[in-house]
Amino acid sequence: MKKTTMTFMALALTGALAIAQDKPAATAKPAAPAPAPAAKADADPIIVAAGDVAIRQSEFESALKTLPAEYQQFAQGPGKRQFADDFLRMKMLASEGLKNGLDKDPDVVRQLGLMRENLIANAQLSKLEKGITVSDDDLKKAYDAKKNEYEQVKARHILIAFKGSPAAQAGKKELTEDEAKAKAEDLRKQLVAGANFDELAKKESDDVGSGSRGGDLGAFGHGQMVPEFEKAAFEAKVGDVTPVVRTQYGFHVIKVDSHESTPFAEVKSSLEQAERQRLLQAKLDEMKGKLKPTYDTAYFGPETPQPEAAPAPQPEVKKQ
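First residue of the sequence shown: 0, per numbering that gives the first Met the number 0; consecutive thereafter.
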């Protein structure tokens, strides 16, 4: 934890260092400084002192606030003294560096400039983001446009595995693909004729997890099942027993219990976040477009089309 805290300390304090380049270096304290009014001293006391380095409460608490939220709680609680040690170490090293004239080193000056610009850029980005408003109507339109992504199916299945399938059960007779398919077809005929799905699933399914629940897979959305299984389940009507479906696991007989959609209220927050991000990106693209940037092709080479994102790997059947 100490190493992690120190890492984030370094990140958090780059802003202070960047802004410090605009301020004159601190000079030695006068031998007999005029005492500050008692009220002011009490309001912002020195809470850490080491030689000529002093850290006031306001400075320490400002540094705390620059940490990521998940680290602030630790640094304000059990890690407060550890954070103070890290902060003091940074202040001592900076003080020595200033005495050695490192603030004038060309590399340091360049890095400080970059840090300063980065801070200002993030402040401007935050300002742009705060200026974005997303109404409930906008969110409902976005929800309707992606409604198929929120569709869910509640279904049951019986799986008959073939030799080499990840779902094949140890100690159980191995079936060839033809034998497994024939068995699945026979089970489907029994179901269509009125056989009890729960009983057959408990007795015959090689998906022992769902089989123990009568084949129940619960509700699942798009992308949660292998493609062949998903296609059959989402295309089936409520109450249908699908034709036998082959996947890498074996042959499935699927019965659809319901088609549902995740309610708007449950996805409103994530929709708003995505919409804000989309609008913010549009603002940045517009800003860039207006400036008509050019790139030195001798340095960067000719512009090439951006490669299309590789398709996401298809997940396995997750609810077995």
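All C-beta atoms, glycine included, are put in the ideal place defined by N, C-alpha and C. Just so we're clear, the structure is a prediction, and the values are computed from it rather than from any experiment.
Judged by DSSP secondary structure, Lys254 falls within the beta strand (DSSP E) whose first and last residues are Gly249 to Ser260. Rounded to the nearest whole angstrom, the CA to CA distance from Leu186 to Lys180 is 10 Å. Secondary structure note for Lys153: its beta strand (DSSP E) is the uninterrupted segment Glu150 to Ile159. Segment contact: the segment 240-252 against the segment 165-179, three or more CB-CB distances shorter than 8 Å; contact assigned. Of the other Cβ atoms in all chains shown, fewer than 16 fall within 10 Å of the Cβ of Thr132; this residue is therefore exposed. When the beta-carbon positions are compared, Lys153 and Gly217 come within less than 8 Å of each other. Gly220 has Gln151 as its beta-bridge partners, per DSSP.
Residue state for Arg212 is assigned as coil, using DSSP reduced to three classes. With respect to the C-alpha of Ala53, the residue from Met91, Glu198, His221 and Lys140 having the closest C-alpha is Met91. Under the 10 Å beta carbon count, Glu229 is surrounded by 16 or more other beta carbons and is classified as buried. Taking every protein chain shown into account, the CB of Val108 has fewer than 16 other CB atoms within 10 angstroms, so this residue is exposed. Looking at Val225, Leu199, Thr175 and Pro226, the one whose alpha-carbon comes closest to that of Asp215 is Leu199. DSSP places Ala48 inside the beta strand (DSSP E), whose first and last residues are Ile45 to Ala49. The C-beta of Met224 has 16 or more other C-beta atoms within 10 Å across all chains shown, which makes the residue buried. Val266 sits in a helix when the DSSP states are folded into three classes.
Non-local beta-carbon contacts of Leu174 in its own chain, meaning distances under 6 Å to residues more than five positions away in sequence, involve Phe161 in chain order. For Thr303, the number of other beta carbons within 10 angstroms of its own is below 16, and it is reported as exposed.
Ile253 has its alpha-carbon roughly 8 Å from the corresponding atom of Pro242. Closest in alpha carbon position to Glu150, among Gly76, Asp106 and Gly222, is Gly222.
Boundaries of the beta strand (DSSP E) harbouring Ile54: Val52 to Arg55, taken from the DSSP string. Here DSSP, grouped into helix, strand and coil, assigns Thr246 to strand. In the three-state DSSP reduction, Val240 falls in the strand class (E or B).
The C-alpha of Glu148 is placed about 12 Å away from the C-alpha of Pro262. Rounded to the nearest angstrom, the Cβ distance from Ser209 to His156 is 7 Å, consistent with a contact under 8 Å. Secondary structure of Gly170 (DSSP, three-state): coil. The three-state reading of DSSP puts Gly96 in helix, counting H, G and I together. A contact between stretches requires three or more CB pairs, one per stretch, nearer than 8 Å, and the segment 279-288 fails this requirement with the segment 134-148. When only Cα atoms are considered, Gln56 and Glu128 end up about 31 Å apart. Between Leu87 and Glu271, the C-beta gap is not smaller than 8 Å, which leaves the two residues out of contact.
Counting only unbroken stretches of 4 or more residues, the alpha helix (DSSP H) elements lying wholly within the segment 55-83 are 56-64 and 68-75, in sequence order.
Judged by DSSP in its simplified three-state form, Ile131 adopts coil rather than helix or strand. Residue range Phe196 to Glu203 is occupied by the alpha helix (DSSP H) that includes Lys201. Taking all protein chains shown into account, Ser204 has 16 or more neighbouring C-beta atoms within 10 Å of its C-beta and is therefore buried.
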